[in-house]
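*Asks:*
Number of protein chains: 2
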Amino acid sequence: MPKNVSATQTNQKNPQNPKNPNPPKSQKDRAVSASPERRAELLALAAEVFAAQGYNATTVRRIADEAGMLAGSLYYHFDSKESMLDEILSTFLDELWAGYDAVLAADLGPRATIEALVVESFREIDRHHAAVAIYQKEAQHLSGLPRFGYLADSQKRFERLWLGTLERGASTGAFRADLDLRLTYRFVRDTVWVAASWYRPGGQHSPEEIARQYLSMLLDGIAVQS
Amino acid sequence: MPKNVSATQTNQKNPQNPKNPNPPKSQKDRAVSASPERRAELLALAAEVFAAQGYNATTVRRIADEAGMLAGSLYYHFDSKESMLDEILSTFLDELWAGYDAVLAADLGPRATIEALVVESFREIDRHHAAVAIYQKEAQHLSGLPRFGYLADSQKRFERLWLGTLERGASTGAFRADLDLRLTYRFVRDTVWVAASWYRPGGQHSPEEIARQYLSMLLDGIAVQS
DNA sequence: CTCCTTCCCTAACAAGTGTTTGGTAGGTTA
DNA sequence: TAACCTACCAAACACTTGTTAGGGAAGGAG
Numbered sequence: 230m231p232k233n234v235s236a237t238q239t240n241q242k243n244p245q246n247p248k249n250p251n252p253p254k255s256q257k258d259r260a261v262s263a264s265p266e267r268r269a270e271l272l273a274l275a276a277e278v279f280a281a282q283g284y285n286a287t288t289v290r291r292i293a294d295e296a297g298m299l300a301g302s303l304y305y306h307f308d309s310k311e312s313m314l315d316e317i318l319s320t321f322l323d324e325l326w327a328g329y330d331a332v333l334a335a336d337l338g339p340r341a342t343i344e345a346l347v348v349e350s351f352r353e354i355d356r357h358h359a360a361v362a363i364y365q366k367e368a369q370h371l372s373g374l375p376r377f378g379y380l381a382d383s384q385k386r387f388e389r390l391w392l393g394t395l396e397r398g399a400s401t402g403a404f405r406a407d408l409d410l411r412l413t414y415r416f417v418r419d420t421v422w423v424a425a426s427w428y429r430p431g432g433q434h435s436p437e438e439i440a441r442q443y444l445s446m447l448l449d450g451i452a453v454q455s
Numbered sequence: 230m231p232k233n234v235s236a237t238q239t240n241q242k243n244p245q246n247p248k249n250p251n252p253p254k255s256q257k258d259r260a261v262s263a264s265p266e267r268r269a270e271l272l273a274l275a276a277e278v279f280a281a282q283g284y285n286a287t288t289v290r291r292i293a294d295e296a297g298m299l300a301g302s303l304y305y306h307f308d309s310k311e312s313m314l315d316e317i318l319s320t321f322l323d324e325l326w327a328g329y330d331a332v333l334a335a336d337l338g339p340r341a342t343i344e345a346l347v348v349e350s351f352r353e354i355d356r357h358h359a360a361v362a363i364y365q366k367e368a369q370h371l372s373g374l375p376r377f378g379y380l381a382d383s384q385k386r387f388e389r390l391w392l393g394t395l396e397r398g399a400s401t402g403a404f405r406a407d408l409d410l411r412l413t414y415r416f417v418r419d420t421v422w423v424a425a426s427w428y429r430p431g432g433q434h435s436p437e438e439i440a441r442q443y444l445s446m447l448l449d450g451i452a453v454q455s
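Top line first, the protein sequences correspond to chains A and B.
Under our numbering, the letters of the first sequence match residues 230 to 455, in that order.
Under our numbering, the letters of the second sequence match residues 230 to 455, in that order.
Spelled out as structure tokens, the structure:
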């Protein structure tokens, strides 16, 4: 895996300047000005392959093959394989948090908030199932890299939101008070998001239907209450 | 930083120590006849790295580095990187099914069976947390390869066991009858196994304690029943 | 017509990959 | 002593990887 050797010349041994190949980049830099539709098309395709094979196991030649072009041609649209992954994940997270913020703006009670968050989460899985699957597999390993630091930020914010809602519900009597809330948080979080590993959009269950069933199990349990 | 400290070869209790040099083994073939302890030691180390970085993202040089030796030296113990992964996953699955079979042999009712399976699962996560994490990330992608066909077999057997128990419980009135059982199966399965992504052995919660809390949420829900 | 932009191809590069081959220090056995 | 075995090293091999440089076909604009 060649690092970013480029940016200046091809074969220049640099005795100094060992790190910081970062000129002041203002925004996400596309490689060239290209049509956003083609870009989104290729990105969706790459996300699909990443989700199926795993990011590291996916070669850029495979993506290009799936798109009906050659590997080098991808670099007209994107400046690296990593930037594709970056854009896939960040756009997903942006939309996710937009949805969550809409839920929070409604200012519901703890239980209704949890319900709305679960429904919203399943909708996001429906819309971004490839990105979610990638996130599931790679987030933990990626969040260490500086470029993907926003993954860790999002995780923290995620925990504050869900755990805070659970705590609020436990104190108001909406949720059981005898539970380890951190354990409960992980339970809720995982049960919702791992659904992306088997969920396929266009199946027989709508996201809302799945969310309803999940919420029923999560809130009331699967056993017959005596 | 390579760890040069290794190979405490004291306390060698080898009951049989067969002096059989090379009988044609049709089973898993080790590269050379090597001490099983060192082999297991290296395998545990490789599993740890695989779990942390992902299989494809882990280089064989990295594993060797962690073991304090060079990449080629690993091939004295194993004949390929893939065979390390194979052995990690298959030994885990063997032990898992041994545990499940012991549960089944008790011939409990549906609810008690589910409870025992969950407890057993958390014990396996405790014992093989690296292998479980690898399984979680790579199983779906690997089960296509012929060498790892047993992963798909295990998944099918897994589904028959859990789904069958859920169906039994739904018909006997132990579990709610208004649930989509296939959805319930995935719910139960996922909630148990994704715990491997955050669980660390030696933490403050024992596997049995976590299983108890999980079962409480799974069976009775997190909401206060009215 | 020419100029320019868009989008892709051809052909390579350098670094990294899993793996092999031959060698060897050190202990055990004959 | 010599032969042997274990567990590693040293150095390479063939191949794949992400990435780049230059070129060219198509089409619209002037």
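C-beta atoms are modelled at their ideal positions from N, C-alpha and C, and glycine is treated no differently.
#1: Comparing C-alpha positions only, which one of A:Ile439, A:Leu408, A:Ala425, A:Trp427 sits nearest to leucine 447 of chain B?
#2: Rounded to the nearest angstrom, what separates phenylalanine 321 of chain B and alanine 296 of chain A at their Cα positions?
#3: In terms of residues, what are the limits of the alpha helix (DSSP H) holding methionine 313 of chain B?
#4: Pull the bridge partners of alanine 452 of chain B from the DSSP assignment, please.
#5: Taking the CB atoms as reference points, tell me whether glutamate 353 of chain B and leucine 325 of chain B lie closer together than 8 Å.
#6: Where do the N-terminal and C-terminal ends of the alpha helix (DSSP H) with tryptophan 422 of chain A fall, by residue?
#7: Does threonine 413 of chain A get closer than 8 Å to chain B when you measure Cβ to Cβ?
#8: Between glutamate 277 of chain B and chain A, is the shortest Cβ-Cβ distance under 8 Å, so that the two count as touching?
#9: With a threshold of 16 other CB atoms inside 10 Å of the CB of proline 430 of chain A, please say whether the residue is buried or exposed.
#10: Mapping DSSP to helix, strand and coil, what is phenylalanine 279 of chain A?
#11: Give me the residue from A:Thr288, A:Ala276, A:Leu271, A:Leu318 with the minimum Cα distance to arginine 376 of chain A.
#12: From this set, A:Ser455, A:Pro436, A:Trp427, A:Asp419, which residue's C-alpha is nearest alanine 403 of chain B's C-alpha?
#13: Report all residues from its chain with a CB closer than 7 Å to the CB of leucine 337 of chain A; omit the five preceding and five following residues, and keep chain order.
#14: In terms of alpha-carbon separation, which member of A:Val423, A:Arg386, A:Glu311, A:Ala360 lies closest to valine 289 of chain A?
#15: Does phenylalanine 351 of chain A come out as helix, strand or coil in the three-state DSSP assignment?
#16: Round the Cβ separation of aspartate 467 of chain A and alanine 452 of chain B to the nearest angstrom and send it over; I've been treating them as touching at under 8 Å.
#17: List, in chain order, every chain B residue whose beta-carbon is nearer than 9 Å to that of leucine 314 of chain A.
#18: Does the separation of the CB atoms of isoleucine 343 of chain A and threonine 394 of chain A fall below 8 Å?
#19: What does methionine 446 of chain A touch in chain B if you count any residue whose Cβ is under 8 Å from its own?
#20: What does the alpha-carbon distance come out to for the pair glutamine 256 of chain A and glutamate 316 of chain A?
#21: I need the DSSP call for threonine 394 of chain B, collapsed to helix, strand or coil.
#22: Determine the contact status of arginine 268 of chain B and valine 278 of chain B, defining contact as a CB-CB distance below 8 Å.
#23: In whole angstroms, what is the alpha-carbon distance linking alanine 327 of chain A and tryptophan 427 of chain B?
#24: Contact criterion: CB-CB distance below 8 Å. Does valine 289 of chain B meet it with respect to chain A?
#25: Just the Cα atoms here: how many angstroms apart are lysine 366 of chain A and lysine 366 of chain B?
#26: At the level of alpha carbons, what is the spacing between leucine 333 of chain A and serine 350 of chain B?
#27: Mind checking serine 400 of chain A: buried by the 16 CB within 10 Å criterion, or exposed?
#28: Name the chain B residues that come within less than 7 Å of threonine 492 of chain A, Cβ to Cβ?
#29: Report the rounded CA-to-CA distance for leucine 303 of chain B versus isoleucine 363 of chain B, giving the unit in angstroms.
#30: Compare the C-alpha of tyrosine 329 of chain A against each of A:Glu388, A:Gly301, A:Ala286 and name the closest.
#31: In chain A, what lies closer than 9 Å to glycine 478 of chain B by C-beta?
#32: For alanine 381 of chain B, is the beta carbon positioned less than 7 Å from some heavy atom of the ligand GDP?
#33: In the DSSP assignment, find the alpha helix (DSSP H) that holds arginine 180 of chain B and state where it starts and stops.
#34: Rounded to a whole number of angstroms, what is the C-alpha to C-alpha distance between valine 347 of chain A and serine 264 of chain B?
#35: Please report how far the alpha carbon of glycine 398 of chain B lies from the alpha carbon of asparagine 285 of chain B, in whole angstroms.
#36: Count the other C-beta atoms from every protein chain shown that fall within 10 angstroms of the C-beta of aspartate 513 of chain B, then say buried if there are 16 or more, exposed otherwise.
*Replies:* In terms of the structure at hand:
#1: Translated into positions along the second sequence, residue 447 of chain B becomes position 218. It is A:Leu408 whose Cα lies nearest to the Cα of leucine 447 of chain B.
#2: Sequence index remark: in the second sequence, residue 321 of chain B carries index 92 (1-based). Sequence index remark: in the first sequence, residue 296 of chain A carries index 67 (1-based). Looking at the two C-alpha atoms, the distance is approximately 39 Å.
#3: Numbered from 1 along the second sequence, position 84 holds the residue referred to as residue 313 of chain B. Unbroken alpha helix (DSSP H) run through methionine 313 of chain B: 310-334.
#4: Along the second sequence, one-based indexing puts residue 452 of chain B at 223. DSSP, once it has assigned bridges, lists A:Phe404 as partnering alanine 452 of chain B.
#5: Position 124 of the second sequence, counted from the first residue, corresponds to residue 353 of chain B. Position 96 of the second sequence, counted from the first residue, corresponds to residue 325 of chain B. Yes; because the gap between Cβ atoms is below 8 Å, this pair is in contact.
#6: By one-based count along the first sequence, residue 422 of chain A stands at place 193. Its alpha helix (DSSP H) spans residues 410-422.
#7: Position 184 of the first sequence, counted from the first residue, corresponds to residue 413 of chain A. Interface residue, yes.
#8: To locate residue 277 of chain B, count along the second sequence from 1; it is residue 48. No, no contact with chain A.
#9: Along the first sequence, read from residue 1 onward, the residue named residue 430 of chain A stands at position 201. Classification for proline 430 of chain A: exposed.
#10: By 1-based counting over the first sequence, the position of residue 279 of chain A is 50. Three-state result, phenylalanine 279 of chain A: helix.
#11: Residue mapping note: residue 376 of chain A aligns to position 147 of the first sequence, counting from 1. Nearest option by C-alpha distance: A:Leu318.
#12: To locate residue 403 of chain B, count along the second sequence from 1; it is residue 174. For the residues A:Ser455, A:Pro436, A:Trp427, A:Asp419, the minimum Cα distance to alanine 403 of chain B belongs to A:Ser455.
#13: Numbered from 1 along the first sequence, position 108 holds the residue referred to as residue 337 of chain A. The answer, listed in chain order, is Ala345.
#14: Here the question's residue 289 of chain A lines up with position 60 in the first sequence. Residue A:Glu311 is the option with its Cα nearest to valine 289 of chain A.
#15: If you number the first sequence from 1, residue 351 of chain A lands on position 122. Phenylalanine 351 of chain A falls in the helix class under three-state DSSP.
#16: With chain A running from 230 to 455 in the structure shown, residue 467 of chain A is simply not present.
#17: Here residue 314 of chain A corresponds to residue number 85 of the first sequence, with the count starting at 1. Correct list: empty, because the minimum Cβ distance to chain B is about 13 Å.
#18: For the purposes of this step, residue 343 of chain A is taken as residue 114 along the first sequence, with counting starting at 1. For the purposes of this step, residue 394 of chain A is taken as residue 165 along the first sequence, with counting starting at 1. Cβ atoms of isoleucine 343 of chain A and threonine 394 of chain A: closer than 8 Å.
#19: What you label residue 446 of chain A is simply residue 217 of the first sequence in a count that begins at 1. Going along chain B in sequence order, the residues near methionine 446 of chain A (Cβ under 8 Å) are Leu408, Thr413, Phe416, Leu447, Gly450.
#20: The count along the first sequence starts at 1 and reaches residue 256 of chain A at position 27. The count along the first sequence starts at 1 and reaches residue 316 of chain A at position 87. Caution applies to glutamine 256 of chain A, whose pLDDT of 33 falls short of 50 and renders its modelled position unreliable; the value that the coordinates give is listed next. If you take the alpha carbons of glutamine 256 of chain A and glutamate 316 of chain A, they lie about 12 Å apart.
#21: Taking the first residue of the second sequence as 1, we reach residue 394 of chain B at position 165. Note: threonine 394 of chain B maps to helix in three-state DSSP.
#22: Translated into the one-based positions of the second sequence, residue 268 of chain B becomes position 39. Translated into the one-based positions of the second sequence, residue 278 of chain B becomes position 49. For arginine 268 of chain B and valine 278 of chain B, no; Cβs fall outside 8 Å.
#23: Translated into positions along the first sequence, residue 327 of chain A becomes position 98. Translated into positions along the second sequence, residue 427 of chain B becomes position 198. Each residue's Cα considered, the two are about 27 Å apart.
#24: Taking the second sequence and counting its residues from 1, one reaches residue 289 of chain B at position 60. Judged by the 8 Å Cβ criterion, valine 289 of chain B is not in contact with chain A.
#25: Along the first sequence, one-based indexing puts residue 366 of chain A at 137. Along the second sequence, one-based indexing puts residue 366 of chain B at 137. Looking at the two C-alpha atoms, the distance is approximately 6 Å.
#26: Counted from its first residue, the first sequence places residue 333 of chain A at position 104. Counted from its first residue, the second sequence places residue 350 of chain B at position 121. Spanning the two alpha carbons is a distance of roughly 36 Å.
#27: The residue labelled residue 400 of chain A in the question sits at position 171 within the first sequence. Serine 400 of chain A is exposed by the Cβ-count criterion.
#28: Within the shown structure, residues of chain A are numbered from 230 to 455, placing residue 492 of chain A beyond reach of any answer.
#29: Looking up residue 303 of chain B in the second sequence gives position 74. Looking up residue 363 of chain B in the second sequence gives position 134. Rounded to whole angstroms, leucine 303 of chain B to isoleucine 363 of chain B spans 20 Å at the Cα level.
#30: Along the first sequence, one-based indexing puts residue 329 of chain A at 100. Considering only alpha carbons, the answer is A:Glu388.
#31: Residue 478 of chain B cannot be examined here, being either before or after the span of chain B that is shown, 230 to 455.
#32: In the structure on display, the ligand GDP does not appear, and there are no ligands present to speak of.
#33: The structure shown does not extend to residue 180 of chain B, since chain B is modelled only from 230 through 455, so no value can be given for it.
#34: As a first step, residue 347 of chain A must be located in the first sequence, where it is residue number 118. As a first step, residue 264 of chain B must be located in the second sequence, where it is residue number 35. So the two alpha carbons sit approximately 51 Å from each other.
#35: Along the second sequence, read from residue 1 onward, the residue named residue 398 of chain B stands at position 169. Along the second sequence, read from residue 1 onward, the residue named residue 285 of chain B stands at position 56. So the alpha carbons of these two residues sit roughly 41 Å apart.
#36: With chain B covering only 230 through 455, there is no way to say anything about residue 513 of chain B.
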